[in-house]
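Notes follow once the structure below has been shown.
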Amino acid sequence: MKQLLAISVSTILCAAAHTPAYGQTSDVLLIPDSGPLLGRVWAMSPVDGSLVNNQFILPDARLTQPIQIVDSGRRTLLVTDETARAVYEYAPNGSYLGTLAAGLEGAYGICMKDGAAFVTSGFSNNLGGKIYRIALDGSAPTVFSDWAGIGDPRGIAPYGAGFLVGNSTDDDLEVVTATGSVVPVPFFNSDGIASLNFPQQIHDIGGGNYMVVGFSAPWGIYFFDASAINYASYRAPEVFLSPRGAYILANGEILYTGGTRIDRFSTKTYLNTNIVNQLGSSFRWVTRYTPPAPCVGDLNGDGSVNASDLATVLGAWGSADPIADLDDDGTVAASDLAIVLGAWGACAG
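For the sequence shown, the positions run 0 to 348 when numbering that gives the first Met the number 0 is used.
Now the structure itself:
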């Protein structure tokens with residue numbers, strides 16, 4: 000690869016004042032930050048990677064080591080947490096809604112398929128990991144794929160009727176069928192020395208092609224076609240540090256995360272640009288998110304107008320609470336109650 004031309008460092012010690020994600024309407028890239036005592040989610044521009052909000056989800060007592068965040072498909076967000084071994088659900092405004100699953104062997108990568116969440120366990124103390132199927136109806140998680148004797152599943156992405164999964168034990172990319180069995184012959188057999196090592200995030204980038212992030216040396220970002228041909232690789236020096244997550248920006252550059260940094264680089268000039276270098280942060284995987292259209296009456300963002308929203312209006316009765324004052328007349332009153340009752344039920348879309 001060509002030599003690194005320049006590094007532009009933009010250190011953001013406290014990137015932006017606290018701005019809750021209420022009213023977020025445009026697409027953003029969501030990046031969990033698992034740094035000590037930070038446990039939050041950042042939002043960046045999918046166009047050029049610039050900062051949108053450094054507290055899309057605020058630090059709370061739950062998020063200890065968040066890894067990946069995805070759209071649940073029901074107007075909410077799901078976040079995996081490796082050390083909490085749980086999957087949490089948040090509203091589009093970043094507020095906590097509930098715990099979807101807890102007590103897992105681990106919670107690392109996540110993707111949605113057929114209306115359910117599929118979650119990899121990650122590190123398993125060499126016992127062999129698991130992939131869980133987690134329904135969104137509150138029922139107990141089930142083991143979809145048992146990796147005993149196979150390795151530790153990390154990144155996961157839909158692949159045909161099943162999944163493409165990174166194995167951090169032998170560095171291969173495995174194919175998991177629709178019934179959860181691991182195909183004996185991997186999609187890509189890596190030596191872990193000169194090629195992909197410690198696969199992390201996996202992106203389906205269309206046309207049967209995949210982008211895979213390799214965390215350990217020779218760290219880099221690897222591209223594979225439908226025939227498992229590694230048709231492009233970007234390593235040091237254009238990839239400045241060990242990456243965990245990555246995304247192809249609308250400007251053609253590749254944004255990637257690693258340690259305290261969020262960087263981007265050009266695949267044409269190989270110029271690496273630092274976007275964020277936040278002391279104490281530990282940035283993880285990158286997911287594009289399209290916020291849902293506003294749902295009138297859904298005051299807590301859980302995707303439905305229900306008793307909790309009714310309770311909010313009644314609890315704010317007679318006040319000027321801007322959340323419960325749905326008609327913006329300055330007072331929470333009968334007109335706001337009528338709006339909630341008229342919109343009762345699941346939000347569209």
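The beta carbon of each residue, even a glycine, is placed where N, CA and C say it ideally should be.
Which value, in whole angstroms, describes the spacing of the CA atoms of residue i and residue j?
i	j	result
residue 64	residue 75	20 Å
residue 216	residue 304	50 Å
residue 51	residue 273	15 Å
residue 182	residue 175	6 Å
residue 178	residue 227	22 Å
residue 309	residue 82	36 Å
residue 88	residue 107	15 Å
residue 109	residue 154	8 Å
residue 84	residue 152	14 Å
residue 252	residue 245	10 Å
residue 127	residue 242	24 Å
residue 340	residue 316	15 Å
residue 235	residue 314	57 Å
residue 186	residue 348	35 Å
residue 129	residue 328	53 Å
residue 122	residue 318	51 Å
residue 100	residue 86	5 Å
residue 269	residue 92	36 Å
residue 334	residue 95	28 Å
residue 20	residue 184	Model confidence at residue 20 stands at a pLDDT of 30, short of 50, so the residue's coordinates are unreliable and nothing is read from them.
residue 161	residue 115	13 Å
residue 266	residue 250	11 Å
residue 133	residue 55	25 Å
residue 344	residue 284	34 Å
residue 34	residue 71	24 Å
residue 60	residue 80	12 Å
residue 119	residue 98	17 Å
Kindly indicate which three-state DSSP category residue i falls into: helix, strand or coil?
i	result
residue 272	strand
residue 261	strand
residue 241	coil
residue 155	strand
residue 147	coil
residue 338	helix
residue 160	coil
residue 345	strand
residue 7	Residue confidence for residue 7 is low, a pLDDT of 35 falling below 50, so the modelled location carries little weight; the figure read from the coordinates is stated next. Strand, per DSSP.
Which partner residues does residue i have in the DSSP bridge list?
i	result
residue 234	219
residue 39	32
residue 166	152
residue 203	209
residue 129	145
residue 247	253
residue 56	40
Who are the near neighbours of residue i in its chain, counting only those whose CB is closer than 7 Å to its CB and skipping five residues on each side?
i	result
residue 37	58, 279 and 280
residue 137	none
residue 203	156, 157 and 209
residue 248	45, 46, 47, 48, 254 and 263
residue 238	218, 219, 220, 255 and 264
residue 142	129 and 131
residue 26	45, 287, 288 and 289
residue 323	298, 311, 312, 315, 331 and 335
residue 90	75, 96, 299, 300 and 301
residue 207	224 and 225
Within its chain, find whatever has a CB closer than 6 Å to the CB of residue i; leave out the 5 residues flanking it on each side and keep chain order.
i	result
residue 295	342
residue 222	210, 230 and 231
residue 167	151, 153 and 197
residue 233	219 and 220
residue 78	65, 68 and 87
residue 144	130, 175 and 179
Cutting at 8 Å between CB atoms, please list the residues of its own chain near residue i, excluding the five before and the five after it.
i	result
residue 338	295, 296, 325 and 326
residue 190	170
residue 346	74, 291, 294, 297, 302, 303 and 304
residue 205	none
residue 307	298, 299 and 301
residue 360	The displayed coordinates of the chain run from 0 to 348. Any statement about residue 360 would go beyond what the structure contains.
> Along the chain, which unbroken stretches of the beta strand (DSSP E) at least 3 residues long are found entirely within the stretch 272-319?
Replying inline: 286-288
> Considering only residues of the stretch 58-126, which uninterrupted beta strand (DSSP E) runs meet the minimum length of 3 residues and lie entirely inside it, listed in chain order?
Replying inline: 65-70, 76-80, 85-89, 95-100, 109-112 and 115-119
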